[in-house]
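Residue numbers (this note's numbering): 3 to 371.
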């Protein structure tokens with residue numbers, strides 16, 4: 003094997019590769035990257051057996067070949083090399099991978115290529131495309147509500163599914179629910195429902211973050227795997243084997259009190275008021291009175307805080323306790339005005355985006371105050 007490659011594309015690919023692999027895995031090959039040089043490109047592959055990533059990079063290939071080396075070490079080396087000189091890779095007479103850039107040389111031990119797992123994605127039949135901006139909206143506005151409790155494995159991912167021919171994403175941790183819909187879902191041709199792991203969601207969002215919102219991303223899936231193809235990258239992941247709860251049963255249908263307010267205004271006020279609370283769970287009180295929303299928080303040893311906001315509200319006086327972080331994470335996803343809907347202090351609060359009222363729904367359970 004012998005090839006030359008530029009640093010920038012290689013380093014970017016290795017950064018994604020390195021976030022997939024386990025740094026200190028008991029199975030050595032799972033902390034490695036497989037490099038295949040062929041037909042004027044190199045193909046980098048890594049896997050943790052649940053998620054796999056393949057990156058194809060243009061290179062000047064003199065001799066075809068395959069090698070497996072430490073992903074972390076290779077990333078650290080390439081990161082330190084100068085930007086304006088091509089990097090040469092070749093197998094030396096001693097069987098090690100030689101990396102040469104200017105007057106600098108590295109000699110890396112290799113791992114048996116036969117031990118590297120085979121990556122398959124040929125059973126994925128259901129295929130559709132989205133714009134990157136659509137994927138970012140669906141995943142980004144939902145993923146923060148994914149549960150981190152490992153015992154509730156069916157809640158440890160995004161429920162990506164279709165409902166009445168509309169592509170939807172839902173996430174819940176049992177205390178809140180986030181639901182995002184893509185109204186224009188012409189490319190989705192069949193019904194499906196899978197739970198995509200949180201790590202997979204974060205990795206694909208990381209990959210597309212360097213592109214344009216108008217770029218297209220191809221998605222194919224089965225009941226066991228999902229595959230994302232974007233430019234020179236392919237990300238393949240197992241899905242979570244479980245059943246996502248029927249979230250429709252917890253969406254409040256009867257709420258007679260509504261308040262419309264600028265999302266950023268409310269978020270900033272919550273951020274200010276909750277600064278006096280140092281508890282792991284910051285509880286904030288929302289008191290609705292005639293044409294006012296009064297936010298307050300209290301701490302036994304740090305003091306109290308209070309802020310008034312003008313709102314259009316004419317219902318009965320009511321105070322609701324909410325988790326400040328949960329509320330702010332929802333508001334961060336809403337541009338412009340948000341609609342807060344509720345029935346009483348003991349029932350869930352429904353939060354929606356005014357301009358896209360059917361596309362984003364957030365529900366948060368109240369807390370004792």
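From the three backbone atoms N, C-alpha and C, an ideal C-beta is built for every residue, glycine too.
_Which of helix, strand or coil DSSP assigns to residue 193_ = Translated into positions along the chain shown, residue 193 becomes position 191. Correct three-state label for residue 193: coil.
query: Does the Cβ of residue 36 have 16 or more other Cβ atoms within 10 Å, making it buried, or fewer, making it exposed?
result: For this step, residue 36 is matched to residue 34 along the chain shown. By the neighbour-count rule (16 or more Cβ atoms within 10 Å), residue 36 is buried.
Margin query: I believe residue 366 touches residue 350 by the beta-carbon criterion, under 8 Å. Please report the beta-carbon distance rounded to the nearest angstrom.
Written below: As a first step, residue 366 must be located in the chain shown, where it is residue number 364. As a first step, residue 350 must be located in the chain shown, where it is residue number 348. Correct: roughly 6 Å between the Cβ atoms.
Note to self: Do residue 319 and residue 183 count as a contact pair if the criterion is CB distance below 8 Å?
What the structure shows: As a first step, residue 183 is located in the chain shown; it is residue number 181 there, counting from the start. As a first step, residue 319 is located in the chain shown; it is residue number 317 there, counting from the start. Between residue 183 and residue 319, the gap from beta carbon to beta carbon reaches 8 Å or more.
* Out of 152, 298, 216 and 65, which has the shortest C-alpha to C-alpha gap to residue 135? -> The residue labelled residue 135 in the question sits at position 133 within the chain shown. Nearest of 152, 298, 216 and 65 to residue 135, Cα basis: 216.
Look up residue 345 in the DSSP assignment and say whether it is helix, strand or coil.
Residue numbering aside, residue 345 sits at position 343 when the chain shown is read from its first letter. In the structure shown, residue 345 sits in coil (DSSP, three-state: anything other than H, G, I, E or B).
Query raised in the report: What are the boundary residues of the beta strand (DSSP E) that residue 306 is part of?
Result: Your numbering for residue 306 matches position 304 in the chain shown. Looking at the DSSP string, the run of the beta strand (DSSP E) that includes residue 306 is 305-312.
Mapping DSSP to helix, strand and coil, what is residue 318? Position 316 of the chain shown, counted from the start, is the residue given in the question as residue 318. The answer is coil: DSSP assigns residue 318 none of H, G, I, E or B.
**Asked** Cβ of residue 209 less than 8 Å from any chain B Cβ?
**Response** In the structure shown, chain B does not exist; there is a single protein chain.
request  = Within its chain, find whatever has a CB closer than 6 Å to the CB of residue 252; leave out the 5 residues flanking it on each side and keep chain order.
outcome  = Counting from one through the chain shown, the residue named residue 252 turns up at place 250. Correct list: empty, nothing qualifies.
- prompt: In terms of DSSP beta bridges, what is residue 174 paired with?
  reply: On the chain shown, position 172 is the one that residue 174 refers to. In the DSSP assignment, residue 174 is bridged to 179.
message: Tell me the residue span of the alpha helix (DSSP H) that contains residue 209.
response: The residue labelled residue 209 in the question sits at position 207 within the chain shown. Unbroken alpha helix (DSSP H) run through residue 209: 200-210.
query = Is the stretch 152-171 touching the stretch 235-251 in the sense that three or more CB pairs, one from each, lie closer than 8 Å?
reply = yes
**Prompt:** For the alpha helix (DSSP H) that residue 275 lies in, which residues bound it at each end?
**Reply:** As a first step, residue 275 is located in the chain shown; it is residue number 273 there, counting from the start. It spans 265-275 - the alpha helix (DSSP H) in which residue 275 sits, taken as one unbroken run.
Decide yes or no for the touch test of the stretch 26-35 against the stretch 199-212: beta carbon pairs closer than 8 Å, at least 3 of them.
The stretch 26-35, when compared against the stretch 199-212, does not touch it at the 8 Å Cβ threshold.
What are the partner residues of residue 163, as DSSP defines its beta bridges? As a position in the chain shown, residue 163 is number 161, starting the count at 1. Residue 163 is bridged to 170 and 195.
Anticipated Cβ contact below 8 Å, residue 324 with residue 286, distance rounded:
As a working mapping, residue 324 is identified with position 322 in the chain shown. As a working mapping, residue 286 is identified with position 284 in the chain shown. Between residue 286 and residue 324 the Cβ distance is about 6 Å, and since that is below 8 Å, they are a contact.
Notebook entry, point to check: At what residues does the alpha helix (DSSP H) containing residue 14 begin and finish?
Noted result: By one-based count along the chain shown, residue 14 stands at place 12. Segment 9-22, the alpha helix (DSSP H) holding residue 14.
Check: Between the stretch 77-87 and the stretch 97-108, do three or more beta carbon pairs fall short of 8 Å?
Finding: yes
From the DSSP output, read off the bridge partner residues of residue 62.
The residue labelled residue 62 in the question sits at position 60 within the chain shown. Per DSSP, 6.
| said: Looking at the strands, I want to know which residues DSSP matches up with residue 141. | reply: As a first step, residue 141 must be located in the chain shown, where it is residue number 139. When beta bridges are read from the DSSP output, residue 141 appears opposite no residue.
- [ ] Go to residue 30, then tell me how far its beta strand (DSSP E) extends in each direction, as first and last residue.
- [x] For the purposes of this step, residue 30 is taken as residue 28 along the chain shown, with counting starting at 1. Per DSSP, residue 30 belongs to no beta strand (DSSP E) and is neither H nor E.
What residues in its chain sit with their C-beta under 6 Å from that of residue 6, if we drop five residues either side in the sequence?
On the chain shown, residue 6 is found 4 positions in, with the first residue counted as 1. The beta carbon of residue 6 sits closer than 6 Å to the beta carbons of 62, 88 and 90 from its chain, once the five residues preceding and following it are set aside; these are given in chain order.
DSSP three-state label for residue 112, please.
In the chain shown, counting from the first residue as 1, residue 112 sits at position 110. Three-state DSSP puts residue 112 in coil, outside helix and strand.
> residue 60 and residue 42 look like a contact to me (Cβ under 8 Å); what is the Cβ gap, rounded to whole Å?
Replying inline: Your numbering for residue 60 matches position 58 in the chain shown. Your numbering for residue 42 matches position 40 in the chain shown. Rounded, the Cβ-Cβ distance is 7 Å, consistent with contact.
Cα-Cα, which of 272, 3 and 257 is closest to residue 101?
Stepping through the chain shown from its first residue, residue 101 is reached at position 99. Cα-wise, what sits closest to residue 101 is 3.
Use the C-beta contact count for residue 65: other C-beta atoms within 10 angstroms, 16 or more gives buried, fewer gives exposed. Numbered from its first residue, the chain shown carries residue 65 at position 63. Burial call: exposed.
In the DSSP assignment, find the alpha helix (DSSP H) that holds residue 326 and state where it starts and stops. Start at 1 with the first residue of the chain shown, and residue 326 comes out as number 324. Its alpha helix (DSSP H) spans residues 326-334.
- Going by DSSP, what residues sit across from residue 43 in a beta bridge? Within the chain shown, the letter at position 41 stands for residue 43. DSSP lists 40 and 60 as partners of residue 43.
May I ask you to list the residues that DSSP assigns as paired with residue 300?
Counting from 1 along the chain shown, the entry for residue 300 is found at position 298. DSSP lists 306 as partners of residue 300.
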